[in-house]
Amino acid sequence: MSITTIHDVEFGAELPTFVPDTSLANTSQFAHAVGWGGGRFEDHERARKEGLPGALVPGIMGMGFLTSTIHNWCPAATIEHIDTVFRAPMLADDPCIIGAVVTDIDEDTGLVELDMTLKNSADETRVFGTARVKLPV
Amino acid sequence: MVDIEELKAQFLHRDFDTREFILEPGKMVTVAQACGEQQPEFTQPQHPDFQASPAFICSLASGRHLPIDFPSLGGIPMDGGKAITCHAPVKAGVNLVGKTHLHDIYDKKGRSGRMILIVARMEIYDDNNTHLATTDSHMVIRERSDT
């Protein structure tokens, strides 16, 4: 269902799942753009030499995946606040999926609260968080 | 063992780092698109409301997260998470200032010892001193037993 205003939102509704691009090519492009170039984000072999299980997805990229999930659900949504917990590292080239659920709605102000999770291919939660977004009233 | 209350009294709410930024549209677009963002205000520099995505704004907070005189607690700080509160769009080509202070220090005790959790808060302003965004960087340090 297309979400355009606060009145389209239902308590407990799940947002459409989002499968972001976690390929090494994409995550290293992100890392480079934010000035975090280096083996741990750009090269599996070099990351392993640092004692890591492989090249990592930058933690804030996980936040970026969550905010894209929100905008894909409701293009008119404005993110007022998002809080993410990096529970465990995400590895590049390991697919992940994002889920979110509506936990609170204020129809007067247009504010919606969301609980969000990012899980890897083993169904392990790597990043979770909450967001407060404002929708047109 | 470090006294958390002493650390709080000595270090909280004291700006210890000020940095200036001018955001480049190309990098803002790269970051937004890599995250799967499709909204034109994040992906098209010619859009009248073109602005940095929340993840890009949080990336500005990388770098020095602790005051230079903050005591060593033993372990290397791990990135425990990030948060952002957006007050107004953060735009490209504008002179920005990020001022960082420690917002909170607390501990959690577990079977493997004590973890110290530190929240470094950066407040981002434009050149009119308008407060645009606040980012929180959560650091987790496993305390060494001899500190």
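Line by line, the protein sequences are chains A and B.
Under my numbering, the residues of the first sequence are numbered 1 to 137, in order.
Under my numbering, the residues of the second sequence are numbered 1 to 147, in order.
Note that beta-carbon positions come from the ideal geometry of N, C-alpha and C, so glycine has one too.
For the structure I just gave you, are there three or more beta carbon pairs, one from the segment 110–119 of chain A and one from the segment 27–41 of chain B, closer than 8 angstroms?
Pairwise C-beta distances place the segment 110–119 of chain A out of contact with the segment 27–41 of chain B, as fewer than three of them are shorter than 8 angstroms.
Among B:Thr18, B:Ala32, B:Lys109, nearest to His65 of chain B - alpha-carbon criterion:
Measuring C-alpha to C-alpha distances from His65 of chain B to each of B:Thr18, B:Ala32, B:Lys109 identifies B:Thr18 as the nearest.
Check your understanding: Name the chain B residues whose beta carbon is nearer than 9 angstroms to that of Ala88 of chain A?
Key -> Within chain B, no residue comes near Ala88 of chain A; the closest Cβ sits about 11 angstroms away, beyond 9 angstroms.
Practice prompt. Answer yes or no: does any C-beta atom of chain B fall closer than 8 angstroms to that of Glu50 of chain A?
Written response: Not one chain B Cβ lies under 8 angstroms of Glu50 of chain A.
Across which residues does DSSP place Gly110 of chain B in a beta bridge pair?
-> In the DSSP assignment, the residues bridged to Gly110 of chain B are B:Gly113.
Note to self: Is the beta carbon of Val140 of chain B closer than 8 angstroms to that of Gly63 of chain B?
What the structure shows: Contact check for Gly63 of chain B against Val140 of chain B fails: the beta carbons are separated by 8 angstroms or more.
Which residues of the segment 119–137 of chain B have a Cβ closer than 8 angstroms to any Cβ of chain A? Give them in chain order.
The segment 119–137 of chain B vs chain A, Cβ under 8 angstroms: Asp136.
Would you list the one or two residues that DSSP bridges to Cys96 of chain A?
In the DSSP secondary-structure assignment, Cys96 of chain A is bridged to A:Asn120.
Quiz item: Looking only at DSSP bridge pairs, what is Ser28 of chain A linked to?
Solution: For Ser28 of chain A, which the question treats as bridged, DSSP gives no partner whatsoever.
Inset, instruction - Assign Lys91 of chain B to one of three DSSP states: helix, strand, or coil. - result: Here Lys91 of chain B sits in coil by DSSP.
Against chain A, with Cβ distances strictly below 8 angstroms, would Lys82 of chain B count as a contact? Chain A has a Cβ within less than 8 angstroms of the Cβ of Lys82 of chain B.
Okay, do the segment 65–82 of chain A and the segment 81–93 of chain B touch, 3+ Cβ pairs below 8 angstroms being the bar? Yes: the two stretches touch, three or more of their Cβ pairs being nearer than 8 angstroms.
> According to DSSP, what are the bridge partners of Val112 of chain A?
Replying inline: According to the DSSP secondary-structure assignment, Val112 of chain A is paired through a beta bridge with A:Ile105, A:Val133.
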